[in-house]
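Undergrad: Next up is a structure, given as structure tokens.
What follows is the structure in structure tokens.
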């Protein structure tokens, strides 16, 4: 075989590195490619911000179709932005496209699991679907990620309260109470929890704190009055009512705004419980003038009138209650009490019988009927009715005492 020319070897040896260098010089470096990709991504992200801002403005203006178009353009340029997906989810949620909203919120969370907003709004969707377990989990997660946003915390607690998970709601809120000490909504919800837990005194304290923070907060004044009354704090309830009355003083044009019915109700009932029956009767009279269809007002007026010996007014109030609620038992029972107070035993029996016919489960009505029968000179029938009441509820002390008063014995009480 012929030898390769030495000059060729030298030429190859010299030229090969040069050709390699030429090829390497023409090929892009990996770092250069990455730099260009990053620059392109920055450019796309920067231009997407314009679409995002326009989408947000359109969403806030209620222009949902325009908002969707702009946010989709933003996502086409940069689809790793969690806030873009979250805004799309909100747009879909407001458009009642809840499945698409859930999908968008999920992608937002994938892009940035530390962003609280998509958890919160996804919780709203789950709540609309009545999936309270998932809603609570998302609200609680949002509250964990954004501990300064009380709306997230309250959203979780409110569902717990609605589901009667009162201990869970209390355990969620109490550790945050110091941080949100000056938030009226926090104290109001704690008051609701105490009220539903059967602790009206604690509820009243929470409501009082809430109204000190926000005197104009709706419904809290009524909640305070109710809690204080149910706790037996009648003087405190009366003072709360009077403070509420002061808010409805005569205006500059000489007109007096109408008082809410609850103000009349709790004022009258507190006065009655404090033994100030004449004042209570006057308040109830004002109440039914202001709210002539309010059955509770007529019942309270009839009761207060009976207690003060104003039998004519008691009869009128009881008759009005019957007219408003012919199927209810209370009007007939009050009418029976008026008849009894007037010494009309037969009339009392008739009215109490009508009351019992309308509510067969109330022991107090059967006891009243039995005592009326006894007063009307019909002890056998009285004993029978009272034995029936005692059979219906053997532990009822009222029925026991009435049955004993008419000479009944356990042998004929129907309990054998």
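Numbering (the working numbering), first residue to last: 314 to 729.
Note that CB positions come from ideal geometry on N, CA and C, so glycine has one too.
Remember, predicted model here, so these are calculated numbers, not experimental data.
Any contact between the segment 413-426 and the segment 363-381? By contact I mean 3 or more CB pairs, one from each, below 8 angstroms.
TA: no
Undergrad: Starting from residue 508, follow the alpha helix (DSSP H) in both directions and report where the run begins and ends.
TA: Working through the chain shown from its first residue, we reach residue 508 at position 195. Run containing residue 508: 497-509, per the alpha helix (DSSP H) assignment.
Undergrad: If we ignore side chains and look at the alpha-carbon of each, how far apart do residue 428 and residue 575 end up?
TA: Stepping through the chain shown from its first residue, residue 428 is reached at position 115. Stepping through the chain shown from its first residue, residue 575 is reached at position 262. Each residue's Cα considered, the two are about 44 angstroms apart.
Undergrad: Cα separation between residue 447 and residue 473?
TA: Here residue 447 is taken as the residue at index 134 of the chain shown, counted from 1. Here residue 473 is taken as the residue at index 160 of the chain shown, counted from 1. When rounded, the distance between both Cα atoms is 12 angstroms.
Undergrad: If you run the structure through DSSP and keep just helix, strand and coil, what is residue 665?
TA: Start at 1 with the first residue of the chain shown, and residue 665 comes out as number 352. Three-state result, residue 665: helix.
Undergrad: Rounded to whole angstroms, what is the Cα-Cα separation between residue 556 and residue 524?
TA: Taking the first residue of the chain shown as position 1, residue 556 is located at position 243. Taking the first residue of the chain shown as position 1, residue 524 is located at position 211. Roughly 12 angstroms between the two C-alpha positions.
Undergrad: Report the rounded CA-to-CA distance for residue 619 versus residue 604, giving the unit in angstroms.
TA: In the chain shown, the residue the question calls residue 619 occupies position 306. In the chain shown, the residue the question calls residue 604 occupies position 291. Spanning the two alpha carbons is a distance of roughly 21 angstroms.
Undergrad: What does a CB cutoff of less than 6 angstroms around residue 550 pick up in its chain, not counting 5 residues either side in sequence?
TA: As a first step, residue 550 is located in the chain shown; it is residue number 237 there, counting from the start. Answer for residue 550: 538, 541, 542, 579, 583, listed in chain order.
Undergrad: State the Cα-Cα distance for the pair residue 666 and residue 516, rounded to the nearest angstrom.
TA: Here the question's residue 666 lines up with position 353 in the chain shown. Here the question's residue 516 lines up with position 203 in the chain shown. Taking the straight line from one Cα to the other gives about 40 angstroms.
Undergrad: Which residue wins for smallest C-alpha separation from residue 519, given the options 531, 498, 529?
TA: Mapped onto the chain shown, residue 519 falls at position 206. Residue 498 is the option with its Cα nearest to residue 519.
Undergrad: Going by other Cβ atoms of all chains shown within 10 Å of its Cβ, with 16 needed for buried, is residue 390 buried or exposed?
TA: Here residue 390 refers to the residue found at position 77 of the chain shown. Under this definition residue 390 is a buried residue.
Undergrad: Assuming residue 465 and residue 459 make a contact with CB atoms under 8 angstroms, what is their CB distance in whole Å?
TA: Sequence index remark: in the chain shown, residue 465 carries index 152 (1-based). Sequence index remark: in the chain shown, residue 459 carries index 146 (1-based). About 6 angstroms separates the two Cβ atoms, so the contact holds.
Undergrad: Does the beta-carbon distance from residue 648 to residue 631 come in below 7 angstroms?
TA: The residue given as residue 648 occupies position 335 in the chain shown. The residue given as residue 631 occupies position 318 in the chain shown. Contact flag set, yes.
Undergrad: Alpha carbon to alpha carbon, what distance is there between residue 442 and residue 587?
TA: For the purposes of this step, residue 587 is taken as the residue at position 274 of the chain shown. For the purposes of this step, residue 442 is taken as the residue at position 129 of the chain shown. Roughly 48 angstroms separates the two Cα atoms.
Undergrad: When we look at the beta-carbon of residue 713 and count the other beta-carbons within 10 Å, is it buried (16 or more) or exposed?
TA: In the chain shown, the residue the question calls residue 713 occupies position 400. Answer is buried; the Cβ neighbour count reaches 16.
Undergrad: Relative to the alpha-carbon of residue 716, which residue among 681, 689, 500 has its alpha-carbon at the smallest distance?
TA: Residue mapping note: residue 716 aligns to position 403 of the chain shown, counting from 1. Nearest C-alpha to residue 716: 681.
Undergrad: Within the segment 604-664, note down every full alpha helix (DSSP H) run reaching 4 residues or more, in order along the chain.
TA: 608-620, 624-637, 643-654
Undergrad: Nearest-angstrom Cα distance between residue 552 and residue 363?
TA: Locating residue 552 in the chain shown gives position 239, where the first residue counts as 1. Locating residue 363 in the chain shown gives position 50, where the first residue counts as 1. The straight-line gap from Cα to Cα measures roughly 58 angstroms.
Undergrad: Using a 10 Å radius around the Cβ and a threshold of 16 neighbouring Cβ atoms, would you call residue 504 buried or exposed?
TA: Working through the chain shown from its first residue, we reach residue 504 at position 191. Around the Cβ of residue 504, a 10 Å sphere holds 16 or more other Cβ atoms; the residue is buried.
Undergrad: Could you check where the alpha helix (DSSP H) with residue 446 kicks off and where it finishes?
TA: The sequence position of residue 446 within the chain shown is 133, counting from 1. Its alpha helix (DSSP H) spans residues 445-458.
Undergrad: Is the segment 687-694 in contact with the segment 666-675, if contact means three or more CB pairs nearer than 8 angstroms?
TA: no
Undergrad: May I ask you to report which of helix, strand or coil DSSP gives residue 392?
TA: As a first step, residue 392 must be located in the chain shown, where it is residue number 79. Residue 392: coil per DSSP, three-state reduction.
Undergrad: Candidates 401, 508, 595: which alpha carbon is nearest residue 627's?
TA: For this step, residue 627 is matched to residue 314 along the chain shown. Minimum Cα distance to residue 627 is reached at 595.
Undergrad: How is the alpha helix (DSSP H) around residue 492 delimited, first residue to last?
TA: Along the chain shown, one-based indexing puts residue 492 at 179. First-last for residue 492: undefined, no H or E at that position.
Undergrad: Which of helix, strand or coil does DSSP assign to residue 419?
TA: In the chain shown, residue 419 corresponds to position 106, counting from 1. Judged by DSSP in its simplified three-state form, residue 419 adopts helix.
Undergrad: Please return the same chain residues whose Cβ sits closer than 7 angstroms to the Cβ of residue 642, not counting the five positions on each side in sequence.
TA: Translated into the one-based positions of the chain shown, residue 642 becomes position 329. If we look at residue 642 and ignore the five residues flanking it on each side, its Cβ neighbours are 668, 671, 672, 675, 678.
Undergrad: Cutting at 6 angstroms between CB atoms, please list the residues of its own chain near residue 709, excluding the five before and the five after it.
TA: Position 396 of the chain shown, counting from 1, holds the residue named residue 709. So the qualifying residues of the chain are 676.
Undergrad: With DSSP run on the structure shown, which of helix, strand or coil describes residue 712?
TA: Reading the chain shown from its first residue, position 399 is the one you call residue 712. The answer is helix: DSSP assigns residue 712 an H, G or I state.
Undergrad: When DSSP labels each residue in this structure, what does residue 560 get in the three-state scheme?
TA: By one-based count along the chain shown, residue 560 stands at place 247. Residue state, collapsed to three classes: coil.
Undergrad: Just to confirm before moving on: does the CB-CB distance between residue 463 and residue 496 stay below 7 angstroms?
TA: Position 150 of the chain shown, counted from the start, is the residue given in the question as residue 463. Position 183 of the chain shown, counted from the start, is the residue given in the question as residue 496. Yes.
Undergrad: DSSP state of residue 409, grouped into three classes?
TA: Start at 1 with the first residue of the chain shown, and residue 409 comes out as number 96. In this structure, residue 409 counts as coil in the three-state DSSP scheme.
Undergrad: Is the beta carbon of residue 486 less than 7 angstroms from the beta carbon of residue 470?
TA: Walking along the chain shown from the start, residue 486 turns up at place 173. Walking along the chain shown from the start, residue 470 turns up at place 157. Going by C-beta atoms, residue 486 is nearer than 7 angstroms to residue 470.
Undergrad: Can you check whether the CB of residue 695 is closer than 7 angstroms to the CB of residue 686?
TA: On the chain shown, position 373 is the one that residue 686 refers to. On the chain shown, position 382 is the one that residue 695 refers to. Going by C-beta atoms, residue 686 is nearer than 7 angstroms to residue 695.
Undergrad: What residue range is occupied by the uninterrupted alpha helix (DSSP H) comprising residue 574?
TA: If you number the chain shown from 1, residue 574 lands on position 261. Per DSSP, residue 574 belongs to the alpha helix (DSSP H) from 574-586.
Undergrad: Taking the alpha carbon of residue 281 as the point to measure from, which residue in 704, 707, 683 has its own alpha carbon closest?
TA: Lying outside 314 to 729, the shown extent of the chain, residue 281 is not represented and no answer is given.
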